[in-house]
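Working notes, structure below.
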Amino acid sequence: MNFEVTKSEVLFRGRVFDLQVDEIRYDSGNPGVRETAIHHGGAVVVPITPEGKILMISQFRYPLKKTLIELPAGKLFKGEDPLICAVRELEEETGFIAGKVTKLTSISTTPGFCTEILHIYLAEELTKGKINREEGEAGMQMMEWTLDEIDAKILSQEIYDAKTLCGILLYKLHIKK
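For the sequence shown, the working numbering assigns the number 51 to the initial residue and increments by one for each residue that follows.
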């Protein structure tokens, strides 16, 4: 590091993230400011049906004012095990329970301003459970697509959600092993 933090303050505490502002001084003596969204992270699931299709959801994303096609995912409660979150979100959003869950990796989503780390899991041996969507997920739809169909939707930019792109790539690398 080529700086020291001279002042740190949480300006906002929210339900999804907190906003922290740090005043810093570079080794050169020049001042700077760093704004950080403090986020507990989340879990992403790549659910594979017995037929080899991938379950996806469409969800309205308020900040973009658009409906996106994504893998099932959700935010962690403070201190929550990401595996527990992944299992919960899979059933909440798709109505399926996984007999086998494998961690693929963790990713830093936007390290320039946010602490969010997403943990990506592969879910296999799916059986029917019960959809239990949150109020804001009422319009969510579920789809099943092959990898070729997903690739076409990525190339046509119908799918452009970063966690979904990472999850699909990681699944492809996993099956190549």
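Cβ coordinates follow ideal geometry from the N, Cα and C atoms, glycine included.
Beta-carbon spacing of glycine 179, glycine 145 below 7 Å: yes
Rounded Cβ spacing between glycine 217 and valine 137 (contact assumed at less than 8 Å): Not really, about 16 Å apart at Cβ, beyond 8 Å.
Selected residue, minimal CA-CA separation from aspartate 68, among Asp198, Asn182, Thr165: Thr165
Cβ-based neighbour list, glutamate 208, same chain, cut-off 8 Å, excluding 5 preceding and 5 following: Ile119
Nearest residue (CA-CA) to proline 122, options Ala173, Val94, Ile104: Val94
Pairwise C-alpha distance: proline 81 and isoleucine 134: 42 Å
Element boundaries [alpha helix (DSSP H), containing lysine 226]: 212-226
For aspartate 77 and glycine 186, the rounded distance between their alpha carbons: 47 Å
Close-in-space but distant-in-sequence residues of the same chain around glutamate 73 (CB under 7 Å, 5 per side omitted): Thr56, Lys57, Pro81, Val83
Element boundaries [alpha helix (DSSP H), containing leucine 133]: 132-144
Beta carbon of leucine 168 nearer than 7 Å to that of lysine 213: yes
Between the CA atoms of glutamine 191 and lysine 116 - distance to the nearest angstrom: 14 Å
For glutamate 174 and isoleucine 225, the rounded distance between their alpha carbons: 12 Å
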